[in-house]
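When you read off a place in the sequence shown, starting at 1, and then add 601, the result is the number in the working numbering. A virtual CB, placed ideally from N, CA and C, is assigned to each residue, including glycine. Since the model is a prediction, treat every value here as computed from it, not as a measurement. Here's the structure we're looking at; comments come further down.
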Amino acid sequence: MKIGVFVPIGNNGWLISTTAPQYMPSFELNKAIVQKAEHYHFDFALSMIKLRGFGGKTEFWDHNLESFTLMAGLAAVTSRIQIYATAATLTLPPAIVARMASTIDSISGGRFGVNLVTGWQKPEYEQMGLWPGDEYFSRRYDYLTEYVQVLRDLWGTGKSDFKGDFFTMNDCRVSPKPSVPMKVICAGQSDAGMEFSAKYADFNFCFGKGVNTPAAFAPTAARMKEAADKTGRDVGSYVLFMVIADETDDAARAKWERYKDGADEEALSWLTEQSQKDTRSGSDTNVRQMADPTSAVNINMGTLVGSYASVARMLDEVAAVPGAEGVLLTFDDFLTGVETFGERIQPLMQCRAHIPAVTKEVA
Numbered sequence: 602m603k604i605g606v607f608v609p610i611g612n613n614g615w616l617i618s619t620t621a622p623q624y625m626p627s628f629e630l631n632k633a634i635v636q637k638a639e640h641y642h643f644d645f646a647l648s649m650i651k652l653r654g655f656g657g658k659t660e661f662w663d664h665n666l667e668s669f670t671l672m673a674g675l676a677a678v679t680s681r682i683q684i685y686a687t688a689a690t691l692t693l694p695p696a697i698v699a700r701m702a703s704t705i706d707s708i709s710g711g712r713f714g715v716n717l718v719t720g721w722q723k724p725e726y727e728q729m730g731l732w733p734g735d736e737y738f739s740r741r742y743d744y745l746t747e748y749v750q751v752l753r754d755l756w757g758t759g760k761s762d763f764k765g766d767f768f769t770m771n772d773c774r775v776s777p778k779p780s781v782p783m784k785v786i787c788a789g790q791s792d793a794g795m796e797f798s799a800k801y802a803d804f805n806f807c808f809g810k811g812v813n814t815p816a817a818f819a820p821t822a823a824r825m826k827e828a829a830d831k832t833g834r835d836v837g838s839y840v841l842f843m844v845i846a847d848e849t850d851d852a853a854r855a856k857w858e859r860y861k862d863g864a865d866e867e868a869l870s871w872l873t874e875q876s877q878k879d880t881r882s883g884s885d886t887n888v889r890q891m892a893d894p895t896s897a898v899n900i901n902m903g904t905l906v907g908s909y910a911s912v913a914r915m916l917d918e919v920a921a922v923p924g925a926e927g928v929l930l931t932f933d934d935f936l937t938g939v940e941t942f943g944e945r946i947q948p949l950m951q952c953r954a955h956i957p958a959v960t961k962e963v964a
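So this is what it looks like as structure tokens:
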């Protein structure tokens, strides 16, 4: 099973809490995290894109770096780990993304890929005059389909004459082309999102579900496999989890309870309000899960809370789910979390038994 780190491009990572670690994003922080991840044989690093936060006492995600420029910098200071940036497709023409990706391919030596997002939080785009109207909610995967077709043309042949409802290319050129086939990833959980991933993505991200229920996402992975089977393509699921680990189960649980006690209710209210703007999609979207009050303090991603041995066991359970090819991990404290994962959790995982033991990183 592949292991990736979801780097904290926004302030405070993925905990919407006054009692969680409080920090600003920076290149130096993310460089330290990704270099540690590479040292401990993580397979990939991904950054999201966020253009407006949720406010509240913690100013959650009000402070964000930009994904492509951050990952270009990280590509230059790493040598093995795969690097993924996220394109907010309403803000960047596909021909520009194609050229930026080809540039980072050159920087990284063929280790770069692109995560495509359609955009769901209207204020992110409305503030810049880029929101196309609420009808976009029902056509966003039509838009993304044309977008990725332009990308594939330019990366594959260096030229596109694509004509569609959203994009018109007239002998559009991009050179140099990427040195290796460019991987495209998506995070679809709705039927439309999974249909898109089945046709165009190399793999699909999905949310884990619940606290210490590592296999609860299995129906989502099964839906992805069913959609991919219809296209004859192999599109595996990579599952998002937060790891909160400590020496004992009780110590880890105490941290989790403390974070929940400090939930930033004002920021969570904003998240709930924004999640209800899209009235055209079903109840199975990523955004609906993020805003569910059950565990909104960490946007309802699957959460693994326990001792190092307990977390290792639960990750092995994830690996046993059909269709699960990898996990994307967040941590309550990223620098400590990546290090303890590499030294205390990964060596106990049966699905990572092939990974060589490594000594503590020397600064």
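Between the C-alpha atoms of Glu926 and Pro782 there is a straight-line separation of about 20 Å. Judged by beta-carbon spacing, Ile705 lies beyond the 8 Å limit of Phe645, meaning their Cβ atoms are not closer than that value. Three or more Cβ pairs drawn from the stretch 717-732 and the stretch 686-700 lie within less than 8 Å of each other, which places the two stretches in contact. In this structure, the straight-line span from the alpha carbon of Ser618 to that of Phe661 is close to 9 Å. Restricting attention to alpha helix (DSSP H) runs no shorter than 4 residues, the stretch 744-828 encloses them at 792-801, ordered along the chain. For Tyr860, the enclosing alpha helix (DSSP H) covers residues Asp850 to Asp862.
When the five nearest sequence neighbours on each side are left out, the beta carbons in the same chain lying within less than 7 Å of the beta carbon of Val906 are those of Val812, Asn813, Ile845, Ala853, Arg854 and Trp857, in order along the chain.
A direct Cα-Cα distance of roughly 43 Å separates Trp871 from Pro777.
According to the DSSP assignment, Asn716 belongs to no alpha helix (DSSP H) but to the beta strand (DSSP E) extending over Phe713 to Val718.
Shown here, Tyr641 sits in coil according to DSSP, grouped into three states, outside any helix or strand. In terms of Cα proximity to Leu745, the closest of Asn899, Glu796, Lys651 and Lys810 is Glu796. Spanning the alpha carbons of Val919 and Lys764 requires a straight line of approximately 42 Å.
DSSP, read as helix, strand or coil, puts Gly837 in strand. Our two residues, Arg774 and Pro957, have alpha carbons roughly 43 Å apart in a direct line. Excluding its 5 nearest sequence neighbours in each direction, Ala696 has C-beta neighbours in its own chain below 8 Å: Val751, Leu755, Ser761, Met770, Cys773 and Val775, listed in chain order. Rounded to whole angstroms, Ser739 and Ala621 show a C-alpha spacing of 36 Å.
A direct Cα-to-Cα measurement between Arg700 and Ala799 gives close to 25 Å.
Per DSSP, the beta-bridge partners of Met843 are Thr904 and Thr931.
Taking C-beta separations shorter than 7 Å and ignoring five residues to either side along the sequence, the partners of Gly759 in its chain run Arg774, Val775, Ser776 and Lys778, following chain order. Here the stretch 652-660 makes no contact with the stretch 628-639; the two share fewer than three CB pairs at distances below 8 Å.
The DSSP assignment places complete alpha helix (DSSP H) segments of no fewer than 4 residues inside the stretch 630-679 at 668-677, in order along the chain. Under DSSP, Phe607 shares a beta bridge with Leu647.
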